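Residue numbers (this note's numbering), protein chains in the order written: chain R, 8 to 275; chain Z, 858 to 1406.
Don't be surprised by glycine CBs; every beta carbon is placed ideally from N, CA and C.
Given the structure is predicted, the values throughout are model-derived calculations rather than measurements.
What follows is a set of notes on a single structure, which appears directly below.
Take a look at the structure:
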């Protein structure tokens, strides 16, 4: 199983993207191997979500060439999506449905049969301790429970590549441990995982490779050790701050607090 | 911020009124302003690709377009305005038509605004009283209802000014405002009652039943107004009966007779008084009950109900029976569960469901008043079954909306090849879930009345309506099912349904003409079968780009 680690899962060439006149992605070049967990990080608005959305076909109108598992995407090609699982940043689902209805719907869209999807979904819900809630509408789920359903919906069809955008948001510490372990085991089986998050401690621990995006460009790419070497900083958070040229957090906080405390003088 | 809503400036003049009722006027104004501002902006959907600039420009367009339709439909009041010296009759009729149109729009399209609980987390956590919040919500609706009302009555107002003079015009204008307020408040009070006495899942079902009942009451009540006046010696005579005191449009006809024709019978004076006293009373009661309205609305947020471990075998089997391709089956099931659960969708579709159920019977009953039962039974009145199609335009219009429209990212991330099976599956689910039950009730009742001879005609009607689904779909702006946000500014499109009903008239016309030929009905059925076959196959074919704007 480990022998396929040298195969390219995702390849991006000269990717550029504009929103109106604003360039949000500038010449992104990237090859991701099978079995890699890639931590995809960067400040707000760096272009992380945009890249992921382009890879999924959610956004069109980019320049450049993208190949996923040997297939070029675009031109109405949708087959490749069968091998992809996606957890968007905000748990947006058809919450009027019960978990069962939603998960079987998604499973069937990905090509599973109803019964297979149903049985699989029920078991996955069970392992997350949500068996009781299987028939309940998603509207009454807590944030963490919704997140778990979302994770299940992205994994039901046993995808080759996973795009996770803040997948741990809302989960309790125990669930976080479970998910991290699941990801590690999936990677060991040759699945490719794109992991996007703002929580540096997690990215630092689970990623085989870290890609740092800033202003639509890749500013760092390598293992955590390599990045540490490069920037002579101890933690990923510090590396992040350094590479994105950010060192004024104290001043900003000070200004912020001062503004909050301002009193309205011209009150009648 | 450049948001000089004329409406808000008008309200500023009346701010004393709000303060008098303990409404925090600045907060009220701010909430209302934000609501109106949001209506003007189109929310970007997950699926849309267009740049942000495009989106903002398009805002509000839909609403202004639908206003033209309201203006057009208002033309049907003109004959009554042109009449001479029958003020009581003509104005009663005008107010009956007006209340029918406004109340229909209100219950089908603004119920969801009235029962909106979405901004609860935002507003309730702030130091604003419930009365203020509800007042803002109510005036949000009043704003749209007044615009719609004035579009409907615009043509009549102009003619009234020219033909009947200034006094008539102002009386008309004032009564229009009063009756709109009365309708809003009455609708609000009905919902309030329902909210007060029911709870949980039952409440949500009851609200939909109330809507169906309201629309039936409306349709029947409207018929009654005409029935009040009897033509005797070329004079319309009003024959008072006790129940007529409840038909409020008639109250509003009376002041014209009293003030302009100086006809001061005690009945007319009583009606005139009711026309002013009841609305004021109702408004006062409504304002008093506002806080409890908001409080009870919380019940709508309860989602404890757990659906029983329903068997999915049945629906799986049905989907396989009705849908050819796998993708079609998936969307059939999806739409079936969504329609069952989506509250706003139900709020908007159930009034039309009521109409499509009641119209075939009302028009039949109408004829029974004039003709003998025997004549009716042997006649051709079973063509009224075409009125079942009333729900089709509203459904096709509503199907693109969802409370949880953001979930539609699935359309893009999953491997769906074409859009055709999506629409086919969804429409089949709709037909099975909403249309077929109504159609069955109507056709079984008709079979009892008209006898077995109308079986071929009923089949033709059914096939005609199936064809009509595709035609309506083609005639409207198409978007993927459950992928758009319900927006107040995109409301008011339901009125287009009235016009699309004319198309059903064309189908009924062909049906009628062919029935004069021997075996014509069978030729017609064959024609419909072929058309249906072709259109249901090819009619939904389109590119992804067209449905994602």
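Proximity test, Cβ basis, 7 Å: residue i and chain R
i: residue 1343 (chain Z); result: no
i: residue 1173 (chain Z); result: yes
i: residue 1061 (chain Z); result: no
i: residue 1191 (chain Z); result: yes
Chain-ordered neighbours of residue i on chain R, where CB pairs are closer than 8 Å
i: residue 1273 (chain Z); result: 85, 116
i: residue 1199 (chain Z); result: 103
i: residue 1339 (chain Z); result: 101
Minimum Cβ-Cβ distance from residue i to chain Z less than 7 Å
i: residue 112 (chain R); result: yes
i: residue 258 (chain R); result: no
i: residue 89 (chain R); result: yes
i: residue 74 (chain R); result: no
i: residue 231 (chain R); result: no
i: residue 253 (chain R); result: no
i: residue 64 (chain R); result: yes
i: residue 263 (chain R); result: no
i: residue 201 (chain R); result: no
i: residue 121 (chain R); result: yes
Within chain R, the residues that residue i reaches when beta carbons sit closer than 9 Å
i: residue 1195 (chain Z); result: 101, 103, 104, 108
Rounded distance between the beta-carbons of residue j and residue i, thought under 8 Å
i: residue 1385 (chain Z); j: residue 1317 (chain Z); result: 6 Å
i: residue 103 (chain R); j: residue 1199 (chain Z); result: 5 Å
i: residue 1193 (chain Z); j: residue 1286 (chain Z); result: 4 Å
i: residue 107 (chain R); j: residue 141 (chain R); result: 5 Å
i: residue 1040 (chain Z); j: residue 958 (chain Z); result: Between residue 958 (chain Z) and residue 1040 (chain Z) the Cβ distance is about 10 Å, and since that is not below 8 Å, they are no contact.
i: residue 1202 (chain Z); j: residue 1254 (chain Z); result: About 11 Å separates the two Cβ atoms, so there is no contact after all.
i: residue 1315 (chain Z); j: residue 1302 (chain Z); result: The pair is not a contact, with the Cβ atoms about 11 Å apart (cut-off 8 Å).
i: residue 163 (chain R); j: residue 124 (chain R); result: 6 Å
i: residue 1246 (chain Z); j: residue 1209 (chain Z); result: Not a contact, Cβ separation roughly 10 Å.
i: residue 247 (chain R); j: residue 45 (chain R); result: That pair is no contact at about 16 Å.
Listed by chain order, chain R residues near residue i by CB distance under 7 Å
i: residue 1187 (chain Z); result: 112, 115, 116
Within chain Z, the residues that residue i reaches when beta carbons sit closer than 7 Å
i: residue 79 (chain R); result: In chain order: nothing, as chain Z lies at least about 15 Å away.
Proximal chain Z residues relative to residue i, where beta-carbon distance stays under 8 Å
i: residue 95 (chain R); result: 1266
Proximity test, residue i beta-carbon vs the ligand ADP heavy atom, cut-off 6 Å
i: residue 889 (chain Z); result: Among the components modelled here there is no ligand, and therefore nothing to report on the ligand ADP.
Next item on the list: Please list the segments of the alpha helix (DSSP H) lying wholly inside the segment 1197-1247 of chain Z, counting only runs of 4 or more residues, in order along the chain.
Entry: 1200-1227, 1230-1235
Next item on the list: Report the residue ranges of all alpha helix (DSSP H) runs contained in full by the segment 1241-1291 of chain Z; include only those spanning at least 4 residues, in chain order.
Entry: 1248-1255, 1267-1270, 1277-1287
Next item on the list: With 8 Å as the C-beta to C-beta threshold (strictly closer), list the residues of the segment 1253-1285 of chain Z near chain R in chain order.
Entry: Answer set for the segment 1253-1285 of chain Z: 1259, 1260, 1261, 1263, 1264, 1266, 1267, 1269, 1270, 1271, 1272, 1273, 1274.
Check: Where are the beta strand (DSSP E) runs, 3 residues long or more, that stay fully inside the segment 48-111 of chain R, in chain order?
Finding: 70-75, 91-94
Next item on the list: Enumerate, from N- to C-terminal direction, the unbroken alpha helix (DSSP H) stretches of 4 or more residues contained entirely within the segment 926-969 of chain Z.
Entry: 935-939, 944-962
Checklist line | Contact set between the segment 141-152 of chain R and chain Z, restricted to residues whose Cβ is under 7 Å from the partner | finding: 142, 143, 144, 146, 147
Checklist line | Ordered list of beta strand (DSSP E) runs contained in the segment 168-229 of chain R, each at least 3 residues | finding: Runs of the beta strand (DSSP E) inside the segment 168-229 of chain R: 168-172, 199-203, 216-221, 224-229.
Next item on the list: Counting only runs of 4+ residues fully inside the segment 1286-1325 of chain Z, write out the alpha helix (DSSP H) ranges in chain order.
Entry: Qualifying alpha helix (DSSP H) stretches, in chain order: 1293-1307.
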